[in-house]
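J.: Please see the structure below; I have some questions.
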């Protein structure tokens, strides 16, 4: 019988990199509910999603260390004794990676190698869930996308994410890290940064609609997207890190439903009760990194863990709008 999440995580020491960000903070709140002893490691890099308010519900129940992953003096003590590591920290902007590739490599690759060196030196058999990206697949010709689809990254960010996934599995073979990788797609929900559209654009569109502003739709907007609510993403991560059978494996993840980008925009406007949209031609800088349609076969994830998404797009958007209406001043 598969051990329940409650039984597995109760009392476990868990480290989350990028712990003050969107995904990390939602994961931290859930882990505290499960009884884990949680440490959050975050560099609070300017322009990214780190936000102290994200962990307000559990602020007095977690340990927070503000440090870059490459800061071995501060990071080494964090990794010692951890049972599970969720490695989420990243510079997530595709456009920024193309504008400044050296910064992306420094932040998304070299810092990660420093972190892996910390694990090798101080916790070489830790269970590690690395959060990769659907962008590693790039534009594909054959659908659905699954774990056998060859990587074909279209921008520097995606190249970095693929490289770091390989680094994780290389360290697994070198020192015994128990690594699993989850290639996560478009995720939305509470606690995402809402100040710019450099990444997580689906979340920023919610702000535009809530402010009654116009949303830009590039081209005809018919490109297919899978939008995963953050609670469903967290559930998948928890299940993957729990299962021994997932160690050494890569997993894709889809969503409850697929919609065109235009349908997404229309759904956001309905949820917000305001806003409008306008079609414009694709700008060159966005067209060259556009991955086209997204259709994912996540049967491996479902079969190995029993995971299934539960939150519909309508429900998730409603909950997201409600959260930002209540806490607008913390995110605008």
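In this note's numbering, the protein residues as written are 84 to 415.
Backbone N, C-alpha and C fix where the C-beta goes; we use that ideal spot for every residue, glycine too.
As the structure is a computational prediction, the values presented were derived from the model and not from experiment.
Taking 7 Å as the limit between beta carbons, can you name the residues of its chain near residue 242, skipping five residues before and five after?
T.: To locate residue 242, count along the chain shown from 1; it is residue 159. For residue 242, where only same-chain residues beyond five positions count, the Cβ hits under 7 Å are 236.
J.: Which of the three DSSP states, helix, strand or coil, is assigned to residue 105?
T.: Looking up residue 105 in the chain shown gives position 22. Three-state result, residue 105: helix.
J.: Any idea what DSSP makes of residue 84, helix, strand or coil?
T.: Here the question's residue 84 lines up with position 1 in the chain shown. Any reading at residue 84 is ruled out, since the residue's pLDDT is 42, under 50, leaving its predicted position unreliable.
J.: Short of 8 Å in beta carbon distance, which residues of its chain neighbour residue 86, apart from the five on each side in sequence? Order them along the chain.
T.: Position 3 of the chain shown holds residue 86. Closer than 8 Å at the Cβ level, and outside the excluded window around residue 86, lie 325.
J.: Spell out a yes or no on whether the segment 284 to 292 and the segment 245 to 260 are touching, meaning 3 or more CB-CB pairs, one atom from each, closer than 8 Å.
T.: no
J.: Measuring CA to CA, which of 172, 195, 145, 318 is closest to residue 391?
T.: Within the chain shown, the letter at position 308 stands for residue 391. For the residues 172, 195, 145, 318, the minimum Cα distance to residue 391 belongs to 318.
J.: Would you check if the distance between the CB atom of residue 220 and the CB atom of residue 100 is smaller than 8 Å?
T.: For this step, residue 220 is matched to residue 137 along the chain shown. For this step, residue 100 is matched to residue 17 along the chain shown. Cβ atoms of residue 220 and residue 100: not closer than 8 Å.
J.: Taking only the alpha-carbon atoms, compute the straight-line gap between residue 282 and residue 186 and give it to the nearest angstrom.
T.: For the purposes of this step, residue 282 is identified with residue 199 of the chain shown, where counting begins at 1. For the purposes of this step, residue 186 is identified with residue 103 of the chain shown, where counting begins at 1. C-alpha separation (whole angstroms): 16 Å.
J.: Helix, strand or coil: how does DSSP classify residue 170 here?
T.: Residue mapping note: residue 170 aligns to position 87 of the chain shown, counting from 1. Three-state DSSP puts residue 170 in a strand.
J.: Tell me where the beta strand (DSSP E) around residue 121 begins and ends.
T.: Locating residue 121 in the chain shown gives position 38, counting from the first residue. Its beta strand (DSSP E) spans residues 120 to 125.
J.: Excluding the 5 residues flanking residue 395 on each side, which residues of the same chain have their C-beta closer than 8 Å to its C-beta?
T.: The count along the chain shown starts at 1 and reaches residue 395 at position 312. Once the five neighbours on either side are set aside, the close Cβ partners of residue 395 are 339, 340.
J.: Look at residue 376 and residue 306 and say whether their C-beta atoms are less than 8 Å apart.
T.: By one-based count along the chain shown, residue 376 stands at place 293. By one-based count along the chain shown, residue 306 stands at place 223. It is a contact, given that the beta carbons lie within the stated cut-off.
J.: By how many angstroms is the C-alpha of residue 345 removed from the C-alpha of residue 408?
T.: The residue given as residue 408 occupies position 325 in the chain shown. The residue given as residue 345 occupies position 262 in the chain shown. Distance between the alpha carbons of residue 408 and residue 345: 24 Å.
J.: Using the Cβ count rule (16 or more neighbours within 10 Å means buried), how would you classify residue 398?
T.: Counting from one through the chain shown, the residue named residue 398 turns up at place 315. Counting Cβ neighbours within 10 Å, residue 398 comes out exposed, since fewer than 16 surround it.
J.: So for residue 89, helix, strand or coil by DSSP?
T.: In the chain shown, the residue the question calls residue 89 occupies position 6. In the three-state reduction of the DSSP assignment, residue 89 falls in the helix class.
J.: By DSSP, does residue 215 sit in helix, in strand, or in coil?
T.: Here residue 215 is taken as the residue at index 132 of the chain shown, counted from 1. Three-state result, residue 215: strand.
J.: Identify, in the order they occur along the chain, each residue of the same chain with its Cβ nearer than 7 Å to the Cβ of residue 404, setting aside the five sequence neighbours on each side.
T.: For the purposes of this step, residue 404 is identified with residue 321 of the chain shown, where counting begins at 1. Excluding residues within five positions, the ones whose Cβ falls inside 7 Å are 289, 293, 354, 355.
J.: Give the straight-line distance between the Cα atoms of residue 96 and residue 167, rounded to the nearest whole angstrom.
T.: Numbered from 1 along the chain shown, position 13 holds the residue referred to as residue 96. Numbered from 1 along the chain shown, position 84 holds the residue referred to as residue 167. In a straight line, the C-alpha of residue 96 is about 7 Å away from that of residue 167.
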